[in-house]
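**Q** With my numbering, the residue at position 8 of the sequence shown is 25, and numbering never jumps. Before I ask anything, let me first share the structure, which is written out below as structure tokens.
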Amino acid sequence: MATWIWILIVIVALVIGLIGGFYGARKYMEKYLKENPPFNEDQLRQLMLQMGQKPSQKKLNQMMHTMQSNMGKK
Numbered sequence: 018m019a020t021w022i023w024i025l026i027v028i029v030a031l032v033i034g035l036i037g038g039f040y041g042a043r044k045y046m047e048k049y050l051k052e053n054p055p056f057n058e059d060q061l062r063q064l065m066l067q068m069g070q071k072p073s074q075k076k077l078n079q080m081m082h083t084m085q086s087n088m089g090k091k
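If you want it as structure tokens, here you go:
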């Protein structure tokens, strides 16, 4: 077989591998972030206290709900 055919096969395989790897990693990260959200209620409370806000339970619940609904949209 000619050398140019082997080069073409390698390039096509590389492109397919890159595209497949990108989408596979993306799906894995989406699943991971859905199962393990980056913020929980205690972390959000500490963040608000550091910013000088007094977090009420209602405000915490509202922010958690907003964050979870934004995660679901993506």
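For every residue, glycine included, the Cβ atom is placed at its ideal position computed from N, Cα and C. This structure is a prediction, so every number in the text was calculated from the model and none was measured.
Whole angstroms are fine: how far does the CA of Asp59 sit from the CA of Ile33?
**A** 43 Å
**Q** Return the CA-CA distance between Trp21 and Val29, expressed in angstroms with no decimal places.
**A** Approximately 12 Å, taken between the alpha carbons.
**Q** Please say whether Pro54 and Met65 have beta carbons closer to each other than 7 Å?
**A** no
**Q** Have a look at Lys48 and Gly41 and give me their C-alpha separation to the nearest angstrom.
**A** 11 Å
**Q** If you reduce the DSSP assignment to three classes, tell me which class Ser73 lands in.
**A** coil
**Q** Taking only heavy atoms of the ligand SAH into account, decide whether any of them is closer than 6 Å to the Cβ of Met81.
**A** What this structure holds is no ligand at all, so the ligand SAH is not there to describe.
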